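Residue 1 is where the sequence shown starts when you use the numbering used here, and the numbers rise one by one after that.
Glycine included, each C-beta is placed from N, C-alpha and C at the ideal position.
Here the structure is a predicted model, which means the values were calculated and not measured.
Reading through the structure tokens given below for one structure.
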Amino acid sequence: MISKTYQAMLSKKSVIRELSEQATAMAKDGAMEIFDYSLGNPSVPVPQVFNDKIVELLRTGNPMLVHGYSPSLGIPEVKEKIAASLNRRFAMNYEGKDIFMTSGAAGALAHAFRLVTEPGDEILTFAPYFPEYGPYIAPTGCTLRTVPANTENFQINFEAFETMLNPKVQAVLINTPNNPSGVMYSEETLRALSDLLLKKEREFGHEIWLISDEPYREIVFDGKTAPYISHFYPRTLSCYSFSKSLSIPGERIGYLAVNPACGVSDMLVTMCGQISRGIGHNCPSSVIQLAVADTCDITADLSVYETNMNLLYDCFTRMGLRTVRPGGTFYIMPKSPEEDANAFSRKALKHGLVFVPCDTFALPGYFRVAYCTDTEKVKRSLPVIEDFLHKEYGL
């Protein structure tokens, strides 16, 4: 029998993909320039040193190592280099045994959810959040529950969060800097989060794990550095991807870093190998693992994202849209000038502007703008945005 579960999902097409496909069709028509702000696809060049490393490995590397299956937990020397990089940059004390290599942050999350929950447990996350969390978590048998947003600054809504914490909650999922808001949690927020989780652990008599989705960790503005989550809470599972930092989303490479302060990191990483057997994840690309091992301290030139953010933030605020200034990522999330952000996005599309309504991000009435594109194109879009908001909403 054909799976009814996945058949039903066919009718729930991603609004992001749907809008992007419409934009592509409009661009082929050629009637107007299309400003597609729908997909979060990194737009800056890959660092040349990464490409050079790939070429070097292909030309001179041991074929069995470069093209063969990697060990199920990841190539040991790669894990050691990533651990050393994290220790240098964030004053941690990881060892290679605390790192599990994955197919991007999504692969890391898939393992993290299964490591610390059983079917029937609850996982809490905070609005707004990446909508793929739903299908990531559903196959685990857990329930994903959403803490309402703090729309003043998109830090954590602690009053609602504490109310929703109950003995069935085994894990809390955070994403900072955040997709779709671009907001970065402050150290004050993270300390308060840690204190509350430790308090609830004592109250409930069991551990609560913090799963940290960190693909935008390196895209931070105003000369700041994103606080490293594991500094604040011992039972943290850090889920990372090189997709954004090195601008290599198609290579599908990342890792799960288990905070050694939890006391069971070695066991959890070994368990990841068993989880991989069950979900068909085994052995990310060997050549890509080896390449990121020697480039994990660097990033692509990410400065264009801050330039683009400032241009759009100034435009939206100048036009009177309530917009919390992003602290990182390549997203900004203004409040729609009308309650129905889907209707707003459809009107914008007629002007060649592709904005994503945030209903599926658990925040109706807002829209996401993914500004990972050429700065000159952003500049050309500004008068179009102003003209659209003036004609449609009198702003």
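With DSSP run on the structure shown, which of helix, strand or coil describes residue i?
| i | result |
| --- | --- |
| F130 | coil |
| Y240 | strand |
| T189 | helix |
| D266 | helix |
| E77 | helix |
| S286 | helix |
| F113 | helix |
| R145 | strand |
| E33 | coil |
| K199 | helix |
| T373 | coil |
| F100 | strand |
| E95 | coil |
| I219 | coil |
| G107 | helix |
| G328 | strand |
| L382 | helix |
| E118 | coil |
| L39 | coil |
Alpha helix (DSSP H) containing residue i: first to last residue?
| i | result |
| --- | --- |
| A8 | 4-9 |
| M26 | 15-29 |
| Y313 | 303-318 |
| A348 | 341-350 |
| V55 | 48-60 |
| L256 | Per DSSP, L256 belongs to no alpha helix (DSSP H); it is in the beta strand (DSSP E), 254-258. |
| V44 | It is not in any alpha helix (DSSP H) - V44 carries neither H nor E in the DSSP assignment. |
Nearest by alpha-carbon distance to residue i: which of the options is it?
| i | options | result |
| --- | --- | --- |
| E159 | K168, R380, F126, L144 | F126 |
| A106 | G134, E122, R88 | G134 |
| I279 | Q22, I137, E33, R191 | I137 |
| N51 | L237, E376, L363, D294 | D294 |
| F99 | T60, T5, L237, M9 | It should be pointed out that residue 99 corresponds to Ile in this sequence rather than to Phe. It is L237. |
| G61 | P148, V287, A149, N93 | V287 |
| T307 | E80, C296, T323, G327 | G327 |
| L19 | Y6, T5, I34 | I34 |
| P339 | H111, C358, I16, T299 | It is worth fixing the name first, because residue 339 is Glu in this sequence and not Pro. Taking only the C-alpha atoms, the option nearest E339 is C358. |
| T225 | T329, V324, Y6 | T329 |
| D213 | L196, Y255, E201 | Y255 |
| Y141 | L115, R380, S381, Y129 | The amino acid occupying residue 141 in the given sequence is Gly; Tyr does not appear at that position. Of the listed residues, the one whose Cα sits closest to G141 is L115. |
| A291 | C315, M101, E203 | M101 |
| N342 | V44, I332, E80, F361 | F361 |
| R346 | E392, P234, P63 | E392 |
Output the boundary residues of the beta strand (DSSP E) element that contains residue i.
| i | result |
| --- | --- |
| F367 | 367-370 |
| L170 | Leu is not the amino acid found at residue 170; the sequence shown has Gln there. Counting along the chain, the beta strand (DSSP E) containing Q170 begins and ends at 169-175. |
| F355 | It is not in any beta strand (DSSP E) - F355 carries neither H nor E in the DSSP assignment. |
| I298 | It is not in any beta strand (DSSP E) - I298 carries neither H nor E in the DSSP assignment. |
| M164 | Note, M164: premise wrong, no beta strand (DSSP E); alpha helix (DSSP H) at 158-164. |
| I211 | 209-213 |
| L321 | Run containing L321: none; DSSP gives neither H nor E here. |
Is residue i near the ligand SAH, with its Cβ less than 7 Å from a heavy atom?
| i | result |
| --- | --- |
| R252 | You won't find the ligand SAH in this model; it holds no ligand whatsoever. |
Chain B beta carbons: is any one of them nearer than 8 Å to that of residue i?
| i | result |
| --- | --- |
| G182 | No chain B is present in this structure, which holds just one protein chain. |
Meets three-Cβ-pair contact criterion under 8 Å: the stretch 382-391 and the stretch 42-49: no
Is it a yes or a no for the stretch 198-218 touching the stretch 163-175, going by three-plus beta-carbon pairs under 8 Å? yes
Measuring CB atoms only, is the stretch 35-44 touching the stretch 141-161, in the sense that at least three cross pairs come out at less than 8 Å? no
Does the stretch 91-98 touch the stretch 240-260, meaning 3 or more C-beta pairs lie closer than 8 Å? yes
Quick check: the stretch 233-251 against the stretch 269-283, are there 3 or more CB pairs under 8 Å? no
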